[in-house]
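> Dumping the structure here so I can ask a few things about it.
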Amino acid sequence: MHTVWESSYGGSTQDGALRCSFCCPHLYSLEWLEQEPFQDKRLRSTSETLNSMKVIKLQSWEEEFKSQIESFRADEFRWLAKAQMTKAFGTFLYWMSPTIVSAVIFVACGLLKSAPLNASTIFTVLATLRVMSEPVRLIPEAISAIIQVNVSFDRINNFLLGDELKIDEIERSGLEESGNVVVDIQAGNFSWDPEMIKIPTLTYINLDIKYGQTVAVCGPVGAGKSSLLHALLGEIPKVSGTVKVCGSIAYVSQTSWIQSGTIRDNILYGKPMEARRYNAAIEACALDKDLSDFRHGDLTEIGQRGLNLSGGQKQRIQLARAVYADADVYLLDDPFSAVDAHTAGVLFHKCVEDSLKEKTVILVTHQVEFLSEVDQILVMEEGSITQSGKYEELLKMGTAFQQLVNAHNESMGDLRQVGINREMGDIDVDKVKEETTTMEDIRGIQLTQEEEKESGYVGLKPFLDYFRVSQGWFLLSATVLGQVGFVVFQAASTYWLAFAIGIPKLSTTMVIGVYSIISTLSAGFVYSRAVTTAYLGLKASKAFFSGFTNAVFKAPMLFFDSTPVGRILTRASSDMNILDFDIPSAFILVVVPAIELTAALIIMTYVTWQVIIIALLALAATKVVQDYYLASARELIRINGTTKAPVMNYAAETSLGVVTIRAFGTVDRFFRSYLNLVDADAALFFLSNAAMEWVIMRIEILQNMTLFTCALLLILIPKGYIAPGLVGLSLSYALTLTQTQVFLTRWYCTLSNSIISVERIKQYMNIPEEPPAVVDGRRPPSSWPSNGTIHLQELKIRYRPNAPLVLKGISCTFREGTRVGVVGRTGSGKSTLISALFRLVEPASGCILIDGIDISKIGLKDLRMKLSIIPQEPTLFRGCIRTNLDPLGVYSDDEIWKALEKCQLKTTISNLPNKLDSSVSEEGENWSVGQRQLFCLGRVLLKRNKILVLDEATASIDSATDAIIQKTIREEFAECTVITVAHRVPTVIDSDMVMVLSFGDLVEYSEPWKLMETDSYFSKLVAEYWASCRGYSSQNLQVHI
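Laid out in structure tokens, this is it:
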């Protein structure tokens, strides 16, 4: 061989073949780089959609958002297809390079006489190249892996080199160094957008707060109140000025951030348990009654984003977390917006005034009734502090603060108009709190289920599913046929040399010519196999993605309530990647060595039949070892599949609460927890690879026994009994036997492990579907509902078959054109009633009729498109203002501007450079919560349906803006049926009818003035609100009421 290689033809040919094939990895790398951004967009869009699925279903936007994800997937798939075809061509080149090199060497030997063309030369060359062929064939997979790793490293590097939060912009010190001033801002200018520093978000802020003061911050929507707190936390970039904060900080965000885990874990927040302090925090935040209603008390498991808690409960839990932290400075961002008036009063009195009386508190609030009790009030407008002082001082100044107070007092004045003709103080407010029931609230049930995981032998089902779903039986047959053809012609070319070299009359040209023709035919087969494999993989990826996406979008809301987003995203990302790349490669790399191993054994047996005995024994032992390994490897991969979701969930969850995490100074703890989850995931990956090496070592030993036996038999057989060419042929195949068997075992085990991704995705393709979007033959008229009359007939709702009833036989009628207020305490069933109206949950019995049509008989799209809602938690999507108001693109710009004017956003948006095309970041984070609610109002103004639902829609809006919105709704929806769920009594006090729910029962349903004239449940709720307001701003109320 050394003599042959000295001719340099073999080496230069091999080098040339490899150089020629190196253009493919470069092209593959470019195509991979093009594909990655579209994958990122798809996953980002998928995550955003899953997190907002409730709003999407309420608005019947599933098709639009599914189309958006499918559009990103189509772009991703286009580059994926190009990459796979490039890889297929590269595979062809690498697989044929040993054959090309051998042909060139034989030509050099035969025509140029560089070495004798005899059996010794031929089979030395073939044996050597055959041993080299297996590593060469792995080059495409290795290059593919290297490219993917390189791209990942580049992306991580770009992320690590991105702008970081400048923590040194805020001067922090201990409380002992503060003197008397704990918070100090001098000439501070701050801007969320670094490109718009000339128009800062906060302008010329001057602020000093002394130790132990309680300071309230108020102002209209979008005034910069939350941004002021972010400035103190160092979250908003500072343009100029100085900021100093002394002591530790506890922060309560406006949008509740709750971790997955127990209620106790959320309150302790990593601190050790101190029973007295813990119980005091629970009582101060009015959580004691809630915890007693839960079956598991404070050990109740909280679902992702607190899905099994009400908005008020989530807000109080994070308030308790802050109280238990025992910090020096408390930043509270509108903590009372999600609770009713009585609870807000309790929280202010017990939490702010009692538990935090020796702390420095900065309270952002819209509740004007508490302002008279604070030490200082800051009034903000358009990013500036326009007024500062005590309550009485600001009242005398008039202007903005006076307008806020007047708006609140006008809403309180509405209480008089509904007939409060007796002294509210006569009503025993505490009696309301005693009216409870022992019914187990649905919110106390553990909603998040353990992730489903198969166990035991995989069987053929996932393999069959792979081909059945993709309808790839023809491509499978073509792929196997292509490989069989390749192996047959490769064996035929080798056999031809072994046969022809013993016939002297055959010319060298004839021998090499036939060998080249046969090799060319094998090249055609291997190329066809590479192409059909790529097409099979692409077709399967397309089919599984389509089936998975359709199934998820058709899943009922209960599925999303009980399934963390991370589980779904894991299937949409890592499992889908395995379908895209790993399974097609693993499949062909199992077929190839299986056929080659069969061919090698046939040839070896043909030459020396005795070897088959040892070969069969070795194969049987190999099967035993392989099955022993797979039993463990399958479970390792399945467990590994379940450890990825917690990593993704934790990353997504912490990213949402990063401001809170940094405010409390717990970054290191969360970082350690995240690394523990990553280590748990990586440990299983390591164990899987270690187990693979274990089985490979044993299979090598077993197959080396076959090789040894074959070689020994060839030596012991008498000379001349077998032609030298056949001896060389047998040995050349025997030398590759071990390598081929190891190759087969490695890739069969890889395929068995990878096919579990098919199993996991198929699980979600079989989840129960919600009712159809459209029911042919039962479609309502296009003008439906023309009146808007709603009949509830013995409506009973439960979330699961064995769960308790949440609504217990409600019957009433919402007449056309009436305004119905729905009130009740946390867990009374208000949100469930709305869910039933939109069919997010189906009735256990009873029905809902709208204009005489049973809504359970029509399609979901036909129902939801005819209803409008402003949800409790306002949701915006990444994009621009226009697409957020009109995702379906059915309204003109003029209609959109009119809607914006009516919802008080026209001035703000018209001042932006890009107007309606101005950006909206993920979850609308670049807009305040109040502004997001106004966007939701704009949506319903555009739709103008006959039925409108307001689900605590003005909770984060000041009284003045609330009054404007209520006025707009009264004018724009004067002839519509409006259902208002609210914590603020004034919001529903002017309703035509009031519905009072208590633990799933309809307690009262009548005109508010009638209920006020009796000792009703509603009158007691009003009394609570009245007492709350009178207790905290009696001086102001006495003047105006």
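Just add 4 to wherever you are in the sequence shown, counting from 1, and you've got the numbering used here.
Ideal placement from N, C-alpha and C gives every residue a C-beta, glycine not left out.
Measure the Cβ-Cβ separation of residue 897 and residue 920 and say whether it is below 9 Å.
Numbered from its first residue, the sequence shown carries residue 897 at position 893. Numbered from its first residue, the sequence shown carries residue 920 at position 916. Contact: yes.
> For residue 397, report the span of its beta strand (DSSP E) as first-last.
Taking the sequence shown and counting its residues from 1, the one referred to as residue 397 is at position 393. Run containing residue 397: none in the beta strand (DSSP E); it sits in the alpha helix (DSSP H), 395-401.
> Taking 9 Å as the cut-off, decide whether the C-beta atoms of residue 799 and residue 852 are in contact.
Residue numbering aside, residue 799 sits at position 795 when the sequence shown is read from its first letter. Residue numbering aside, residue 852 sits at position 848 when the sequence shown is read from its first letter. Yes, the pair counts as a contact, with Cβ atoms nearer than the cut-off.
> Chain B beta carbons: is any one of them nearer than 9 Å to that of residue 207?
Given the protein chain composition of this structure (a single chain), no chain B is represented.
> To the nearest whole angstrom, what separates the beta carbons of residue 257 and residue 337, a pair I think is in contact under 8 Å?
Here residue 257 refers to the residue found at position 253 when the sequence shown is read from its first residue. Here residue 337 refers to the residue found at position 333 when the sequence shown is read from its first residue. With a Cβ gap of about 6 Å, residue 257 and residue 337 count as contacting.
> Just the C-alpha distance for residue 296 and residue 928, rounded to the nearest angstrom, thanks.
One-based indexing of the sequence shown puts residue 296 at position 292. One-based indexing of the sequence shown puts residue 928 at position 924. Using only the alpha carbons, I get a separation of about 36 Å.
> Any idea what DSSP makes of residue 770, helix, strand or coil?
Here the question's residue 770 lines up with position 766 in the sequence shown. Of the three classes helix, strand and coil, the one that applies to residue 770 here is coil, per DSSP.
> Unbroken alpha helix (DSSP H) runs of length 4 or more, entirely within the segment 659-698: which are they?
The qualifying runs are 662-668.
> Is residue 325 closer than 9 Å to residue 270 when the C-beta atoms are compared?
Within the sequence shown, residue 270 is the residue found at index 266, counting from 1. Within the sequence shown, residue 325 is the residue found at index 321, counting from 1. Taking 9 Å as the Cβ cut-off, residue 270 and residue 325 qualify as a contacting pair.
> Can you give, in chain order, each stretch of the alpha helix (DSSP H) that sits fully within the segment 136-198 and has at least 4 residues?
Runs of the alpha helix (DSSP H) inside the segment 136-198: 143-164.
> When you compare each of 331, 841, 996 to residue 670 by their alpha carbons, which one comes out closest?
Numbered from 1 along the sequence shown, position 666 holds the residue referred to as residue 670. Checking every option, the nearest Cα to that of residue 670 belongs to 331.
> Is residue 827 buried or exposed, if buried means 16 or more other CB atoms sit within 10 Å of its CB?
The sequence position of residue 827 within the sequence shown is 823, counting from 1. So residue 827 counts as buried.
> Consult DSSP for residue 441 and reduce its assignment to one of helix, strand or coil.
Sequence index remark: in the sequence shown, residue 441 carries index 437 (1-based). In this predicted model, residue 441 has a pLDDT of only 35, less than 50, meaning its place in the structure is not dependable; the value taken from the coordinates is given anyway. Three-state DSSP puts residue 441 in coil, outside helix and strand.
> Quick check: the Cα distance between residue 570 and residue 213, rounded to an integer number of angstroms?
For this step, residue 570 is matched to residue 566 along the sequence shown. For this step, residue 213 is matched to residue 209 along the sequence shown. Cα to Cα, residue 570 sits roughly 42 Å from residue 213.
> Would residue 680 be called buried (16 or more neighbouring beta carbons within 10 Å of its own) or exposed?
Here residue 680 refers to the residue found at position 676 of the sequence shown. Exposed: under 16 other Cβ atoms inside 10 Å.
> Buried or exposed: where does residue 1025 fall if 16 or more other Cβ atoms within 10 Å of its Cβ makes it buried?
Taking the first residue of the sequence shown as position 1, residue 1025 is located at position 1021. When all chains shown are included, residue 1025 counts as buried.
> From which residue to which residue does the alpha helix (DSSP H) around residue 920 run?
Locating residue 920 in the sequence shown gives position 916, where the first residue counts as 1. Where residue 920 is concerned, there is no enclosing alpha helix (DSSP H), given that its DSSP letter is neither H nor E.
> Just curious, the beta strand (DSSP E) that residue 385 is in, first and last residue?
Here residue 385 refers to the residue found at position 381 of the sequence shown. Its beta strand (DSSP E) spans residues 380-385.
> Taking 6 Å as the limit between beta carbons, can you name the residues of its chain near residue 534, skipping five residues before and five after?
Working through the sequence shown from its first residue, we reach residue 534 at position 530. Answer for residue 534: 92, 95, 96, listed in chain order.
> So, with DSSP's three-state summary, where would you put residue 265?
Walking along the sequence shown from the start, residue 265 turns up at place 261. If DSSP states are grouped into helix, strand and coil, residue 265 belongs with the strands.
> Evaluate residue 510 with the Cβ neighbour count: other Cβ atoms within 10 Å of its Cβ, from every protein chain shown; 16 or more gives buried, anything less gives exposed.
Within the sequence shown, numbered from 1, the residue matching residue 510 stands at position 506. Answer is exposed; the Cβ neighbour count stays below 16.
> Assign residue 178 to one of two classes, buried (16 or more other C-beta atoms within 10 Å of its C-beta) or exposed (fewer than that).
In the sequence shown, residue 178 corresponds to position 174, counting from 1. By the 10 Å Cβ count, residue 178 comes out exposed.
> On a CA-only basis, which of 832, 646, 878, 859 is nearest residue 763? Give me that one, please.
Working through the sequence shown from its first residue, we reach residue 763 at position 759. Looking at the Cα atoms, 646 is the closest of the given residues.
> With a floor of 3 residues, list each beta strand (DSSP E) that falls wholly inside the segment 808-838, ordered by position along the chain.
As far as the segment 808-838 is concerned, its whole beta strand (DSSP E) runs of at least 3 residues are 811-818, 823-827.
> Note down the Cα distance separating residue 941 from residue 59, rounded to an integer number of angstroms.
Position 937 of the sequence shown, counted from the first residue, corresponds to residue 941. Position 55 of the sequence shown, counted from the first residue, corresponds to residue 59. Whole-angstrom Cα-Cα distance: 14 Å.
> Specify, as a first and last residue, the run of the alpha helix (DSSP H) that residue 470 falls within.
Counting from one through the sequence shown, the residue named residue 470 turns up at place 466. Unbroken alpha helix (DSSP H) run through residue 470: 465-474.
> In the DSSP assignment, what are the bridge partners of residue 282?
Locating residue 282 in the sequence shown gives position 278, counting from the first residue. For residue 282, which the question treats as bridged, DSSP gives no partner whatsoever.
> Considering only the beta carbon of each residue, do residue 3 and residue 341 sit closer than 9 Å?
Any question about residue 3 goes unanswered here, given that the chain covers just 5 to 1045.
> Using only the alpha-carbon positions, how far apart do residue 487 and residue 595 sit?
The residue you call residue 487 lines up with position 483 of the sequence shown. The residue you call residue 595 lines up with position 591 of the sequence shown. Approximately 8 Å, taken between the alpha carbons.
> Are the beta-carbon atoms of residue 246 and residue 290 separated by less than 9 Å?
If you number the sequence shown from 1, residue 246 lands on position 242. If you number the sequence shown from 1, residue 290 lands on position 286. Not closer than 9 Å, so no.
> Could you tell me the distance, in whole angstroms, from the CA atom of residue 526 to the CA atom of residue 110?
One-based indexing of the sequence shown puts residue 526 at position 522. One-based indexing of the sequence shown puts residue 110 at position 106. The straight-line gap from Cα to Cα measures roughly 18 Å.
> Between the Cα of residue 780 and the Cα atoms of 975, 861, 81, which residue gives the shortest distance?
Position 776 of the sequence shown, counted from the start, is the residue given in the question as residue 780. Closest by alpha carbon: 861.
> Check for me: the beta strand (DSSP E) holding residue 212 runs from which residue to which?
Reading the sequence shown from its first residue, position 208 is the one you call residue 212. Counting along the chain, the beta strand (DSSP E) containing residue 212 begins and ends at 206-214.
> Identify whether residue 510 lies in helix, strand or coil by the three-state DSSP scheme.
As a position in the sequence shown, residue 510 is number 506, starting the count at 1. Looking at residue 510 - three-state DSSP - the assignment turns out to be coil, as it is neither helix nor strand.
> Under DSSP, the alpha helix (DSSP H) around residue 899 begins and ends at which residues?
As a working note, residue 899 is residue 895 in the sequence shown. Where residue 899 is concerned, the enclosing alpha helix (DSSP H) stretches over 897-906.
> In whole angstroms, what is the alpha-carbon distance linking residue 260 and residue 588?
Residue mapping note: residue 260 aligns to position 256 of the sequence shown, counting from 1. Residue mapping note: residue 588 aligns to position 584 of the sequence shown, counting from 1. The alpha-carbon atoms of residue 260 and residue 588 are separated by roughly 45 Å.
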